[in-house]
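Working notes, beginning with the structure itself.
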Amino acid sequence: MAIVQFENVTLRKKDEKNNEVTILSDLSFSVEAGTVFALAGPSGSGKSSALRLINRLDDCSSGNIYIDGKEIRAWDVRDLRNKVGFMFQEAALFEGTVMENVLYGLCIRGLRKCEHEPTALELLKQVGLSPELLHRNVESLSGGQKQRVNLARTLALNPDIILMDEPTSSLDPAATRTIENLIQELNAQGRTFIVVSHSLEQIERLASACVVLDAGRKVFAGSTRELFAAREITNLLINGKEDGDD
Amino acid sequence: MTEISTFQVLLSLVFVAGALYFSRLFKVKMGKDIVVSAVRAFVQLLAIGYVLDFVFGLDSPLWVVLMIAIMAGVAAYNSGKRGAKVKNSYLISSIAIFFTTFVTILVLSGFGIIPFEAQYIIPVSGMVIGNVMNGASLALMRLDDELKSNRVRVEAALSLGAAPIQAAAPALKKAVVTSMVPVVDRAKVVGIVSLPGGMSGMILAGASPLAAVKFQIVIMYMLLGSPFLTVAIVNLLAYRQYFNRQRQLVLGPGN
Ligand SMILES: Nc1ncnc2c1ncn2[C@@H]1O[C@H](COP(=O)(O)OP(=O)(O)O)[C@@H](O)[C@H]1O
Ligand SMILES: [Mg+2]
Chain A
1 MAIVQFENVT
11 LRKKDEKNNE
21 VTILSDLSFS
31 VEAGTVFALA
41 GPSGSGKSSA
51 LRLINRLDDC
61 SSGNIYIDGK
71 EIRAWDVRDL
81 RNKVGFMFQE
91 AALFEGTVME
101 NVLYGLCIRG
111 LRKCEHEPTA
121 LELLKQVGLS
131 PELLHRNVES
141 LSGGQKQRVN
151 LARTLALNPD
161 IILMDEPTSS
171 LDPAATRTIE
181 NLIQELNAQG
191 RTFIVVSHSL
201 EQIERLASAC
211 VVLDAGRKVF
221 AGSTRELFAA
231 REITNLLING
241 KEDGDD
Chain B
1001 MTEISTFQVL
1011 LSLVFVAGAL
1021 YFSRLFKVKM
1031 GKDIVVSAVR
1041 AFVQLLAIGY
1051 VLDFVFGLDS
1061 PLWVVLMIAI
1071 MAGVAAYNSG
1081 KRGAKVKNSY
1091 LISSIAIFFT
1101 TFVTILVLSG
1111 FGIIPFEAQY
1121 IIPVSGMVIG
1131 NVMNGASLAL
1141 MRLDDELKSN
1151 RVRVEAALSL
1161 GAAPIQAAAP
1171 ALKKAVVTSM
1181 VPVVDRAKVV
1191 GIVSLPGGMS
1201 GMILAGASPL
1211 AAVKFQIVIM
1221 YMLLGSPFLT
1231 VAIVNLLAYR
1241 QYFNRQRQLV
1251 LGPGN
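Chains as they are written, first to last, in this note's numbering: chain A, 1 to 246; chain B, 1001 to 1255.
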């Protein structure tokens, strides 16, 4: 069953000169529940913009987005954001300690005390972080640790769908591996992942299906196996343009 | 207080001449600015002198209110313009400045600290308004800056289920702090580094220094408290301009 479905989605925004620019054009695709789905494309192709729509950080200009079969605008935005977690590209962590960050979502909802250590420790365990980090200031963490705190913060609300915007783009290969393993583990527990990536290797390791964007248009949708058969698309992802010669 | 003759006022132009001389000497090309501000000060103060003389003479509360409204309006316009990046900035600064002025005067006259008479109400209102105007401008500018530069964090908070006020809380906190620092700093050095104008005026006018000091303490506390009220109102109205019902951060074109 499709858990996320885009139907002829167009997104227009105004640039600083107040001109309309089309960021996504007539985009349709669907994501099956329980899968890892990749959103790929060269830089500036509209991947982050598409991801933001799924969390309703923006509204599309035309078309429909269905989450669990229900049009996104029919959802109470609070329920939607409980169901759909968003892990931002930059480790958009809040100033403060690891605990303050991982408990944020629960704390603002009044579900847990903001200093409920057992819950925080449980979350750190889920992302493989040492309990000693609990009271550390997030500033002092490594990039990989920050991204794991970022993931733990998203996991705290136990979302069914997790959106990730280039989760490993600033990480070294070892830290990348850790995050990818976590995605696989959490996926095995039944969560759906939509991961923005421009690494073919990563898509191959993680995703079963993917959509490729170029300048806001869909240029490919299908299984990962089909993706690797489409040379012009893989060239686009490697070189950032379709013909592949520089 | 000894009355100054018009001739003596003209004599004080020697200070302006000095300023002009030094600006020449250091080739800083401020001559035009100096002349313009000297002329403006002269014209504006003379005009306000006549206006106040007129209003005090009328002894009518309506005129007093009108006078204060004009001062507050000008201040609100100025802040609104400085903070124009915030939607509805003019409305926000007006609400904050009018309300703060009203409350402050109410408290001061309610406690009987100043009599409800034009010659007290108007200058005290002037002090309040001049003082909170900066607070309102700073709060508007800082909040816009904080929300824009912390955009990812604000949106991360929203996506974690935060309500707008929760997502904006760190930005609000920083906006309050940065707009209040000058006010609090000034209160710290008062009497040591600076003798406030009101107190100097009273002493010059022949009041005993202790009477002047008592009055100045009240004024100082008022000047410390009133910008907090303005900044709080500005912040609480301004952050709302950045969010919609769908709990989205709306930063306008180009963002
Ligand atoms: N508010 C905006 N106004 C104008 N253009 C924008 C705005 N937001 C994003 N864009 C443009 O939309 C395109 C897609 O951006 P984005 O979704 O961030 O791409 P990606 O994540 O694939 O790199 C880019 O060309 C970007 O410059
Ligand atoms: Mg992006």
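Backbone N, C-alpha and C define an ideal beta-carbon position, used for all residues, glycine too. This structure is a prediction, so every number in the text was calculated from the model and none was measured.
Buried or exposed (CB count within 10 angstroms, at least 16 for buried), residue i
| i | result |
| --- | --- |
| A/Cys-210 | buried |
| A/Asp-58 | buried |
| B/Ser-1093 | buried |
| B/Gln-1044 | exposed |
| A/Asp-246 | For A/Asp-246, the predicted model reports a pLDDT of 44, less than 50, meaning its position is unreliable; a value from the coordinates is still stated below. Label assigned to A/Asp-246: exposed. |
| B/Asp-1033 | exposed |
| A/Gly-244 | Residue placement at A/Gly-244 is flagged as unreliable, the pLDDT there being 43, under the threshold of 50; the coordinate-derived value follows with that caveat. Answer is exposed; the Cβ neighbour count stays below 16. |
| A/Met-87 | buried |
| B/Pro-1263 | Absent from the structure is residue 1263 of chain B, since the part of chain B shown begins at 1001 and ends at 1255. |
| A/Lys-218 | buried |
| B/Ala-1118 | buried |
| A/Met-1 | exposed |
| B/Ile-1217 | exposed |
Proximity test, residue i beta-carbon vs ligand 2 heavy atom, cut-off 8 Å
| i | result |
| --- | --- |
| A/Gln-89 | yes |
| A/Ser-197 | no |
| A/Lys-47 | yes |
| A/Ser-30 | no |
Residue i: CB within 8 Å of a non-hydrogen atom of ligand 1
| i | result |
| --- | --- |
| A/Asn-55 | no |
| A/Val-212 | no |
| A/Asp-165 | yes |
| B/Gly-1126 | no |
| A/Asp-76 | no |
| A/Asp-15 | yes |
| A/Val-21 | yes |
| B/Asn-1255 | yes |
| A/Gly-240 | no |
| A/Ala-50 | yes |
| B/Gly-1112 | no |
| A/Gly-63 | no |
| B/Gly-1057 | no |
| A/Gly-128 | no |
| A/Gly-190 | no |
| B/Gly-1197 | no |
Sub-9 Å separation of residue i and residue j beta-carbons
| i | j | result |
| --- | --- | --- |
| A/Ser-45 | A/Leu-213 | yes |
| A/Ala-38 | A/Ala-207 | yes |
| A/Ala-156 | A/Tyr-104 | yes |
| B/Val-1064 | B/Ile-1121 | yes |
| A/Asp-165 | A/Val-84 | no |
| A/Lys-14 | B/Pro-1253 | yes |
| A/Thr-192 | A/Val-4 | yes |
| B/Pro-1227 | B/Asn-1131 | yes |
| A/Ile-65 | A/Glu-7 | yes |
| A/Gln-126 | A/Val-196 | no |
| B/Ser-1079 | B/Thr-1104 | no |
| A/Ala-230 | B/Glu-1155 | no |
| B/Gly-1083 | B/Ala-1211 | no |
| A/Val-151 | A/His-198 | As written in the sequence, residue 151 of chain A is Leu, which differs from the Val given in the question. Not closer than 9 Å, so no. |
| B/Met-1127 | B/Leu-1204 | no |
Through-space distance from residue j to residue i, alpha-carbon basis
| i | j | result |
| --- | --- | --- |
| A/Ala-33 | A/Arg-81 | 17 Å |
| B/Gly-1197 | B/Thr-1101 | 19 Å |
| A/Cys-107 | A/Ile-162 | 20 Å |
| A/Glu-180 | A/His-135 | 26 Å |
| A/Ile-248 | A/Asp-26 | Since the first and last residues shown for chain A are 1 and 246, residue 248 of chain A lies out of range. |
| A/Phe-29 | A/Trp-75 | 20 Å |
| B/Phe-1111 | B/Ile-1068 | 20 Å |
| A/Glu-20 | A/Asn-137 | 42 Å |
| B/Leu-1066 | B/Met-1220 | 25 Å |
| A/Gly-110 | A/Thr-154 | 16 Å |
| B/Ser-1012 | B/Val-1039 | 13 Å |
| B/Ile-1070 | B/Lys-1085 | 24 Å |
| A/Leu-133 | B/Ala-1096 | 44 Å |
| B/Arg-1186 | B/Ser-1200 | 16 Å |
| A/Ile-23 | A/Ile-194 | 19 Å |
| B/Tyr-1242 | B/Leu-1251 | 6 Å |
Proximity test, residue i beta-carbon vs ligand 4 heavy atom, cut-off 8 Å
| i | result |
| --- | --- |
| A/Ser-43 | The ligand content of the structure shown is limited to ligand 1 and ligand 2, which means ligand 4 is not among them. |
> Is there contact here, the region 92-101 of chain A with the region 112-122 of chain A, by at least three beta-carbon pairs under 8 Å?
Replying inline: Contact holds: three or more Cβ-Cβ distances are below 8 Å.
> So, do the region 170-183 of chain A and the region 140-150 of chain A have three or more beta carbon pairs nearer to each other than 8 Å?
Replying inline: In short, these stretches touch, since the Cβ pair count reaches three.
> Is it a yes or a no for the region 1139-1147 of chain B touching the region 1081-1092 of chain B, going by three-plus beta-carbon pairs under 8 Å?
Replying inline: As far as the Cβ criterion goes, the region 1139-1147 of chain B touches the region 1081-1092 of chain B, which means the pair count is three or higher.
>> When you compare the region 1171-1189 of chain B with the region 1225-1235 of chain B, are there three or more beta-carbon pairs, one atom per stretch, that lie closer than 8 Å?
In response: Segments in contact, yes.
>> Quick check: the region 1179-1190 of chain B against the region 1126-1136 of chain B, are at least 3 beta-carbon pairs closer than 8 Å?
In response: Counting Cβ pairs under 8 Å, three or more are found: they touch.
> Within the chosen definition, does the region 1240-1251 of chain B reach the region 1149-1165 of chain B through at least 3 CB pairs nearer than 8 Å?
Replying inline: Verdict: yes, contact present.
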